[in-house]
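Colleague: So the sequence shown is residues 355 to 454, counted in this note's numbering.
Heads up, the beta-carbon is just placed ideally off N, CA and C, and yes, glycines get one too.
Computed from a predicted model, the values in this text were never measured in an experiment.
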Amino acid sequence: VTLRMQKGYDHSYFFIASFIEDHVSFHGKRLQKRSAQILASKAAANDFASTAGKPITCQAMVARGPKQPLSLETITVAPPKAGEVRVKVIANALCHTDVY
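#1: Tell me the residue span of the alpha helix (DSSP H) that contains Leu393.
#2: Select from Gln413, Phe373 and Phe369 the residue whose C-alpha is nearest the C-alpha of Glu427.
#3: When DSSP labels each residue in this structure, what does Ala414 get in the three-state scheme?
#4: Alpha carbon to alpha carbon, how far is Gln391 from Asn446?
#5: Can you look up Ile429 in the DSSP assignment and give me helix, strand or coil?
#6: How far does the alpha helix (DSSP H) with Ile444 in it extend, from its first residue to its last?
#7: Would the beta-carbon of Asn446 be found less than 7 Å away from any heavy atom of the ligand GTP?
#8: Grouping DSSP H, G and I as helix and E and B as strand, with all else coil, what is Ala403?
#9: Evaluate contact between the segment 415-435 and the segment 379-388, counting only Cβ atoms and requiring at least three cross-stretch pairs below 8 Å.
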């Protein structure tokens, strides 16, 4: 983890604006790489058909309370009910500023 501190800036818009181009580029490259890896996998195309109407187990970062650390847990997700859909997330990025 690299912590970037800018003297004279608090954690505000002006602080983020001082390096936003690097920030977006950093996350964009990682998302593109991960997305390409997953899309290249043949198994990714078949996951929905094999789990339709069934509960699934997966790994999730779970927040148990405000200002508490996230914990990696195995969870069970029930099949969608009427009016719901199950979405497979193949890549995402979470900025440290989203945690506050």
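Modeller: Let's see:
#1: Translated into positions along the sequence shown, residue 393 becomes position 39. Counting along the chain, the alpha helix (DSSP H) containing Leu393 begins and ends at Ile374 to Ala394.
#2: Numbered from its first residue, the sequence shown carries residue 427 at position 73. Glu427 has its Cα closest to that of Gln413, out of Gln413, Phe373 and Phe369.
#3: Position 60 of the sequence shown holds residue 414. Looking at Ala414 - three-state DSSP - the assignment turns out to be strand.
#4: Reading the sequence shown from its first residue, position 37 is the one you call residue 391. Reading the sequence shown from its first residue, position 92 is the one you call residue 446. Gln391 and Asn446: Cα-Cα distance of roughly 13 Å.
#5: By 1-based counting over the sequence shown, the position of residue 429 is 75. Note: Ile429 maps to strand in three-state DSSP.
#6: For the purposes of this step, residue 444 is taken as the residue at position 90 of the sequence shown. Element bounds for Ile444: n/a, residue is neither H nor E.
#7: The ligand GTP is absent from the structure shown, which contains no ligands of any kind.
#8: For this step, residue 403 is matched to residue 49 along the sequence shown. The three-state reading of DSSP puts Ala403 in helix, counting H, G and I together.
#9: no
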